[in-house]
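First to last, the sequence lines map onto chains A and B. FYI, in this note's numbering the residues of the first sequence are 180 to 299. FYI, in this note's numbering the residues of the second sequence are 230 to 750.
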Amino acid sequence: MTAAVIDRAALDHLLSVIGGDPEDLAELLEDFLAEAPRLAAKIRESAESETWTDLRISAHSLKSNARDFGAMTLSRLCEKLEADCKAGPVADAVAQADAIVAAEAEAQAELRAIKEAGLG
Amino acid sequence: MDSTRPVPVAAEAAPPSDAVEPAVILVVDDNSTSRLKLRMAVRSLGHEAQVAEDGRRALEILRDQPFDAVLLDIVMPELDGFDVLRALKADPDLRDIPVIVISALDDERESVVKAIELGAEDFLPKDFDPVLLRARLGASLTKKRFRDQEKEYFRRVERLTEAAEVLESGRFSPENLEIDDLAARPDALGRLAAVFRGMAAEIYDRELRLRRAVQMLQGSLLVIAVGVVWGLTPALSRMASGLGSNPLGMALWVNGIAAVFCLSVAAYRGRLPRLGWKELRFFLLWAIIAGVLQRLTTFWVTEHVEAAMLSLIVTLQGFMVFAFAAAMKLEKATPRRLVGLMVGLIGVAAVLYTRFDVTGTADDIWLGIALLLPLFFALEGILLAAKRPEQIDIFASVGIMMGISALLLLPMVAYNGDFMTLSFDVSRLEILVLLMGLGGATSILLCFHLIATAGAVFASQSAYAMTIAGIVWGMLLLNEELSAIAWAAVAVILIGLYLVEPNPSDDELVLKRSFGRDGER
Numbered sequence: 180m181t182a183a184v185i186d187r188a189a190l191d192h193l194l195s196v197i198g199g200d201p202e203d204l205a206e207l208l209e210d211f212l213a214e215a216p217r218l219a220a221k222i223r224e225s226a227e228s229e230t231w232t233d234l235r236i237s238a239h240s241l242k243s244n245a246r247d248f249g250a251m252t253l254s255r256l257c258e259k260l261e262a263d264c265k266a267g268p269v270a271d272a273v274a275q276a277d278a279i280v281a282a283e284a285e286a287q288a289e290l291r292a293i294k295e296a297g298l299g
Numbered sequence: 230m231d232s233t234r235p236v237p238v239a240a241e242a243a244p245p246s247d248a249v250e251p252a253v254i255l256v257v258d259d260n261s262t263s264r265l266k267l268r269m270a271v272r273s274l275g276h277e278a279q280v281a282e283d284g285r286r287a288l289e290i291l292r293d294q295p296f297d298a299v300l301l302d303i304v305m306p307e308l309d310g311f312d313v314l315r316a317l318k319a320d321p322d323l324r325d326i327p328v329i330v331i332s333a334l335d336d337e338r339e340s341v342v343k344a345i346e347l348g349a350e351d352f353l354p355k356d357f358d359p360v361l362l363r364a365r366l367g368a369s370l371t372k373k374r375f376r377d378q379e380k381e382y383f384r385r386v387e388r389l390t391e392a393a394e395v396l397e398s399g400r401f402s403p404e405n406l407e408i409d410d411l412a413a414r415p416d417a418l419g420r421l422a423a424v425f426r427g428m429a430a431e432i433y434d435r436e437l438r439l440r441r442a443v444q445m446l447q448g449s450l451l452v453i454a455v456g457v458v459w460g461l462t463p464a465l466s467r468m469a470s471g472l473g474s475n476p477l478g479m480a481l482w483v484n485g486i487a488a489v490f491c492l493s494v495a496a497y498r499g500r501l502p503r504l505g506w507k508e509l510r511f512f513l514l515w516a517i518i519a520g521v522l523q524r525l526t527t528f529w530v531t532e533h534v535e536a537a538m539l540s541l542i543v544t545l546q547g548f549m550v551f552a553f554a555a556a557m558k559l560e561k562a563t564p565r566r567l568v569g570l571m572v573g574l575i576g577v578a579a580v581l582y583t584r585f586d587v588t589g590t591a592d593d594i595w596l597g598i599a600l601l602l603p604l605f606f607a608l609e610g611i612l613l614a615a616k617r618p619e620q621i622d623i624f625a626s627v628g629i630m631m632g633i634s635a636l637l638l639l640p641m642v643a644y645n646g647d648f649m650t651l652s653f654d655v656s657r658l659e660i661l662v663l664l665m666g667l668g669g670a671t672s673i674l675l676c677f678h679l680i681a682t683a684g685a686v687f688a689s690q691s692a693y694a695m696t697i698a699g700i701v702w703g704m705l706l707l708n709e710e711l712s713a714i715a716w717a718a719v720a721v722i723l724i725g726l727y728l729v730e731p732n733p734s735d736d737e738l739v740l741k742r743s744f745g746r747d748g749e750r
């Protein structure tokens, strides 16, 4: 079940990118865990208010961060929403945003579990 | 999670062995997690990383401190990566900082192309590999360093060229060149700068010595000339008094004739000045000191103090001028100059001692009063050195002073009934008075010029020359005897002149040189 939500290979890659120190990775993960719910909430808000540029930029940010931490489902959902925003107004923006909020919560739980089990 | 933990732990784990030297990198990303990831990645390569959370802040930081490279996210709210790139490339101070744009390559290919077109050095995908970051950052930094060296080299060439322009303008003084730091560098350009500076310094020193020698010669000749002309006065006075003249009446005529002569020359040269209150005050003070106080003191003192003694006392003016000039910081007061003044005094004293009986002929009170005479001469010298209005022509200056002093003497002459009437039927007295007028004008003109070129201290030595010249003139005009010691005294006085040396000119030494290139000369 864990493997389906978080790709551990992505975390290993991220660790090598930042220099190999698990403490650094823990700090970075902490930042993501704090930032991701805010971004997801902003996506939900922008979808509701149909502010497409904000929606696109938030989806773009969460997409990259999620990919870095191996949250592939979340990343793909954000990527689709960002692409849709580029094309113009998105009809099912709120539905997509809801899916992202849910995926973020799932990824959040999994990443916390991984962190508690020990990184690196 | 301790944020105060020293940063370079990762750097120690993976030292950038084949990478370039540590650099300062600015990470620009609105996304806090991405920003932190990039900062950690950059630090792990051994570089210093600073962060900016948006484009506007990035530009502020970049204008505030130097950076070696920028890692720039493209998608940002408000000022995005493209806007930052445009601003950087439009700024001459910032356009050479390499920018690596960070982009999710999968869906932003056209963005990368646009960024490169706008001047980005390179790009990096969001999910970059650490090896790729090291390679791209390293290449950008190497280019930047090379460019920096190139710019620094051109700056130095430019400064050397500016120094050459300073030389072309004739200002050879080494401090004008301002290339000491260039000359201290151990490379080829440093060597060129050192040789360049050395040659300029050598030429400057040579010219400076030449100028001092010329000033010394000019000053000495002027001292002798002033002495010769001034020394003529006592002999002429003695001849005139034999013809029934009186000192005050004579002084009125002498000053009047000198004034008419000098003002005529100034008028002929079209140099008659317009006087302000400041100038008038100066001329009035000068006339009171030189035309009235000096005259009256001489007039009274000569009746009570023996002539040779008086000559000796007058030469003390050199020491008084020296003391005034030192106190007012007008001239440098070195022991060498003081010794020079003493040598001159010894020369004069020697000749006077052998020639006349100097000892104990006068009342002590009158000797004290006689000391006023050198004091008034010294005050005149200092006044001319410090306060003369330099824009006013020398003939006009002397003429105005002489005219004012004639006017000041007029009431005293009238009170004493000392008017001397001269007739147009020219006899010996008329010729003598005319000669004394012209002589008086000439001596003050020379003295004025002497003070302007060599300073008051050097000029004060004309008192020595005057004493010796007085003796020589006495011999020539009145058939007095001249001892060999008088000639020796002249030599001693010349040594004194050498030791005192003229006050160095404040004017900057500018050499007229033509450095025309081929076909330009």
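C-beta: ideal position from N, C-alpha, C; glycine also.
Exposure of residue i, with buried meaning 16 or more beta-carbon neighbours within 10 Å
i	result
P731 of chain B	buried
L509 of chain B	exposed
F375 of chain B	exposed
W506 of chain B	exposed
Y727 of chain B	exposed
Q690 of chain B	buried
K242 of chain A	buried
A454 of chain B	buried
S240 of chain A	buried
K380 of chain B	exposed
E227 of chain A	exposed
L801 of chain B	Residue 801 of chain B cannot be examined here, being either before or after the span of chain B that is shown, 230 to 750.
K373 of chain B	buried
I629 of chain B	buried
Cβ-heavy atom distance, residue i to the ligand SAM, below 7 angstroms
i	result
V521 of chain B	Ligands in the displayed structure: none, and consequently the ligand SAM is not present.
Residues near residue i by beta carbon distance below 6 angstroms, same chain, minus five either side
i	result
S332 of chain B	I303, S340, V341 and F352
G122 of chain A	A query on residue 122 of chain A cannot be resolved here, the shown segment of chain A reaching from 180 to 299 and no further.
D231 of chain B	Bear in mind that the predicted position of D231 of chain B carries a pLDDT of just 42, short of 50, making it too unreliable to give a figure here.
L308 of chain B	G284 and R285
Beta-carbon separation (whole angstroms), residue i vs residue j, contact threshold 8 angstroms
i	j	result
L753 of chain B	T544 of chain B	Since the displayed chain B opens at 230 and closes at 750, residue 753 of chain B lies outside it and no answer follows.
A685 of chain B	E532 of chain B	Not really, about 30 angstroms apart at Cβ, beyond 8 angstroms.
V256 of chain B	V280 of chain B	5 angstroms
L411 of chain B	L389 of chain B	6 angstroms
A599 of chain B	V550 of chain B	Not a contact, Cβ separation roughly 17 angstroms.
D580 of chain B	I697 of chain B	Note that residue 580 of chain B corresponds to Val in the displayed sequence, not to Asp. Yes, they are in contact, since the Cβ atoms of V580 of chain B and I697 of chain B sit about 7 angstroms apart, within 8 angstroms.
L675 of chain B	L465 of chain B	Contact flag wrong, Cβ pair sits at about 17 angstroms.
L212 of chain A	L290 of chain A	6 angstroms
Collapsed DSSP secondary structure at residue i in the structure displayed
i	result
E535 of chain B	coil
S398 of chain B	coil
A224 of chain B	For chain B, the structure presents residues 230 to 750; residue 224 of chain B sits outside this window and is missing.
D410 of chain B	helix
V280 of chain B	strand
P354 of chain B	strand
L481 of chain B	helix
A333 of chain B	coil
I254 of chain B	strand
V299 of chain B	strand
V758 of chain B	Nothing can be reported for residue 758 of chain B, as the shown portion of chain B is limited to 230 through 750.
V360 of chain B	helix
V662 of chain B	helix
V269 of chain A	coil
V580 of chain B	helix
Residues near residue i in its chain [Cβ-Cβ closer than 8 angstroms; skip 5 each side]
i	result
K221 of chain A	D233 and S237
K558 of chain B	none
F677 of chain B	L613, R617, I623, S626 and V627
Q523 of chain B	L602, F605, F606 and E609
Neighbourhood of residue i by C-beta distance below 7 angstroms, restricted to the same chain and skipping five residues each side
i	result
F648 of chain B	G478 and V642
A423 of chain B	A412
L461 of chain B	G668 and W702
V313 of chain B	V257, G284, A287, L288 and L301
A430 of chain B	P403
Should the region 222 to 239 of chain A be regarded as contacting the region 256 to 273 of chain A, the criterion being three or more beta carbon pairs within less than 8 angstroms?
Touching, yes.
For the 8 angstroms Cβ check, are there 3 or more pairs between the region 670 to 684 of chain B and the region 531 to 549 of chain B?
The region 670 to 684 of chain B, when compared against the region 531 to 549 of chain B, does not touch it at the 8 angstroms Cβ threshold.
Is the number of C-beta pairs between the region 189 to 207 of chain A and the region 344 to 360 of chain B that are closer than 8 angstroms three or more?
When Cβ pairs closer than 8 angstroms are counted between the two stretches, the region 189 to 207 of chain A is seen to touch the region 344 to 360 of chain B, the count reaching three or more.
So, do the region 265 to 273 of chain B and the region 198 to 212 of chain A have three or more beta carbon pairs nearer to each other than 8 angstroms?
Output reads yes: the region 198 to 212 of chain A touches the region 265 to 273 of chain B.
Contact between the region 362 to 370 of chain B and the region 402 to 422 of chain B (3+ Cβ pairs under 8 angstroms):
In short, these stretches do not touch, since the Cβ pair count stays below three.
So does the region 489 to 499 of chain B actually touch the region 617 to 624 of chain B, counting three or more Cβ pairs closer than 8 angstroms?
As far as the Cβ criterion goes, the region 489 to 499 of chain B touches the region 617 to 624 of chain B, which means the pair count is three or higher.
Count the C-beta pairs between the region 599 to 611 of chain B and the region 511 to 520 of chain B that are closer than 8 angstroms, then say yes if the count reaches three, no if not.
Verdict: yes, contact present.
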